[in-house]
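Peer 1: Supplied in structure tokens, the structure appears directly below.
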Ligand code: 5RP
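The structure is reproduced here in structure tokens:
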């Protein structure tokens, strides 16, 4: 691996672990609750996260460029919640733009099993071809669109493996209750857990994250369960303690209670 690629990955994943904060939801669902002013939302959370995941539009308009926080740029889109098919994505951002914005990595969704499987996998492959030339890691996002019931191990393992085979340096996927270790073990590159819809309790979030980390995930990309929580900073501290300090869910919950 070249120096630039290694350096970017190690900034994104200090000690091989990571807590990414996604604020990219607006790219297909508009002004999401809690993200109306994304710059304000993330300001108090920045000390606890390893990278921000956002589009170029939010980056330029809402994030202070005087930051050392690595950026994972969301570079797929062109669909919406109210359109015909969320899977019909394209790559939105050129490599020139990715470099200009000093992104440390890029993220692109793949919709495996959808009508646009091939197009989204082609998006991933082309992006890998272009970004590898500059040492920029590509993170594949195994998206399920509105079909949340697809979040089971066999399907997720298939998606992660295909994304890795096409050259993704990291893969973001969903945690699942049963056989999550099979998802991680079948994927030759690091796996990061996505958040999914807001859980009912804080403990539920902390428990799935701790379980996923125990089963081999390298980190999390969790948004709504943090910034839609009434105590986002306490939640961020608790999650960080699981990812970077190996705390159990119970210990992390005690930390949450301390800071809520
Ligand atoms: C959507 C994404 C988002 O970044 C991510 O899944 C949203 O995070 P959360 O579900 O935790 O709010 O990639 O495809």
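Residue numbers (the working numbering): 1054 to 1313. A virtual CB, placed ideally from N, CA and C, is assigned to each residue, including glycine.
1) Please name the residue in 1258, 1246, 1295, 1265 whose C-alpha comes closest to that of residue 1075.
2) Would you give the residue range spanned by the alpha helix (DSSP H) that residue 1275 belongs to?
3) Quick check: does the Cβ of residue 1115 come within less than 7 Å of any heavy atom belonging to the ligand 5RP?
4) Taking C-alpha atoms, which residue in 1098, 1226, 1187, 1233 lies nearest to residue 1164?
5) Output the distance between the C-alpha atoms of residue 1264 and residue 1306, rounded to the nearest integer angstrom.
6) Roughly how many angstroms separate the alpha carbons of residue 1193 and residue 1216, rounded to a whole number?
7) Can you grab the Cα-Cα spacing for the pair residue 1083 / residue 1229, in whole Å?
8) At the level of alpha carbons, what is the spacing between residue 1283 and residue 1255?
9) Taking the alpha-carbon positions, what's the residue 1219 to residue 1310 distance?
10) Within the present structure, is the beta-carbon of residue 1196 separated from the nearest heavy atom of the ligand 5RP by less than 7 Å?
11) Buried or exposed: residue 1132, going by 16 or more other Cβ atoms within 10 Å of its Cβ?
12) Can you look up residue 1233 in the DSSP assignment and give me helix, strand or coil?
13) Whole angstroms are fine: how far does the CA of residue 1252 sit from the CA of residue 1238?
14) Give me the DSSP bridge partner(s) of residue 1226.
15) Go ahead and pull the three-state DSSP assignment for residue 1094.
16) Do we get a CB-CB distance below 8 Å when we pair residue 1135 with the residues of chain C?
17) Going by beta carbon distance, what residues of the same chain come within less than 6 Å of residue 1177, once the five residues before and after it are set aside?
18) Can you give the Cα-Cα distance for residue 1233 and residue 1299, rounded to whole angstroms?
19) Helix, strand or coil, according to DSSP, for residue 1170 in the structure here?
20) Grab me the residues of residue 1211's own chain with a C-beta within less than 6 Å of its C-beta, minus the 5 sequence neighbours each way, in chain order.
21) Between 1296, 1243, 1180, 1085, which lies nearest to residue 1262 when the distance is taken from Cα to Cα?
22) Note down, in chain order, each residue of its chain lying with its Cβ closer than 7 Å to the Cβ of residue 1271, except the 5 sequence neighbours on either side.
23) Kindly list the residues whose CB is nearer than 8 Å to the CB of residue 1137, restricted to its own chain and excluding five residues on each side of it in sequence; keep chain order.
Peer 2: In terms of the structure at hand:
1) Against the chain shown, residue 1075 aligns to sequence position 22. Checking every option, the nearest Cα to that of residue 1075 belongs to 1246.
2) Your numbering for residue 1275 matches position 222 in the chain shown. Residue 1275 -> no alpha helix (DSSP H), and no H or E assigned at all.
3) Residue 1115 sits at position 62 when you count from the first residue of the chain shown. Checking every heavy atom of the ligand 5RP against the Cβ of residue 1115, none is found closer than 7 Å.
4) If you number the chain shown from 1, residue 1164 lands on position 111. The option with the nearest alpha carbon to residue 1164 is 1226.
5) Sequence index remark: in the chain shown, residue 1264 carries index 211 (1-based). Sequence index remark: in the chain shown, residue 1306 carries index 253 (1-based). Residue 1264 and residue 1306: Cα-Cα distance of roughly 14 Å.
6) For the purposes of this step, residue 1193 is taken as residue 140 along the chain shown, with counting starting at 1. For the purposes of this step, residue 1216 is taken as residue 163 along the chain shown, with counting starting at 1. Distance between the alpha carbons of residue 1193 and residue 1216 is about 6 Å.
7) For this step, residue 1083 is matched to residue 30 along the chain shown. For this step, residue 1229 is matched to residue 176 along the chain shown. Their backbone Cα atoms lie some 27 Å apart in a straight line.
8) What you label residue 1283 is simply residue 230 of the chain shown in a count that begins at 1. What you label residue 1255 is simply residue 202 of the chain shown in a count that begins at 1. Rounded to whole angstroms, residue 1283 to residue 1255 spans 10 Å at the Cα level.
9) Looking up residue 1219 in the chain shown gives position 166. Looking up residue 1310 in the chain shown gives position 257. Using only the alpha carbons, I get a separation of about 43 Å.
10) What you label residue 1196 is simply residue 143 of the chain shown in a count that begins at 1. Result yes, Cβ under 7 Å from the ligand 5RP.
11) In the chain shown, counting from the first residue as 1, residue 1132 sits at position 79. By the Cβ neighbour-count rule, residue 1132 is buried, with 16 or more other Cβ atoms within 10 Å of its own.
12) Walking along the chain shown from the start, residue 1233 turns up at place 180. Three-state DSSP puts residue 1233 in a helix.
13) Taking the chain shown and counting its residues from 1, one reaches residue 1238 at position 185. Taking the chain shown and counting its residues from 1, one reaches residue 1252 at position 199. If I take the Cα positions, the gap works out to 26 Å.
14) Here residue 1226 refers to the residue found at position 173 of the chain shown. Paired residues: 1246.
15) Here the question's residue 1094 lines up with position 41 in the chain shown. DSSP places residue 1094 in helix when its eight states are reduced to three.
16) Here there is only one protein chain, and chain C is not present.
17) Counting from 1 along the chain shown, the entry for residue 1177 is found at position 124. Contacts found: 1161, 1163, 1193, 1219.
18) Within the chain shown, residue 1233 is the residue found at index 180, counting from 1. Within the chain shown, residue 1299 is the residue found at index 246, counting from 1. Taken atom to atom, the span from the alpha-carbon of residue 1233 to that of residue 1299 is near 18 Å.
19) For the purposes of this step, residue 1170 is taken as the residue at position 117 of the chain shown. Here DSSP, grouped into helix, strand and coil, assigns residue 1170 to helix.
20) By one-based count along the chain shown, residue 1211 stands at place 158. None.
21) Within the chain shown, numbered from 1, the residue matching residue 1262 stands at position 209. Of the listed residues, the one whose Cα sits closest to residue 1262 is 1296.
22) Counting from 1 along the chain shown, the entry for residue 1271 is found at position 218. Counting only Cβ-Cβ distances below 7 Å, and skipping sequence neighbours, we find 1066, 1069, 1070, 1071, 1243, 1244, 1245.
23) The count along the chain shown starts at 1 and reaches residue 1137 at position 84. None.
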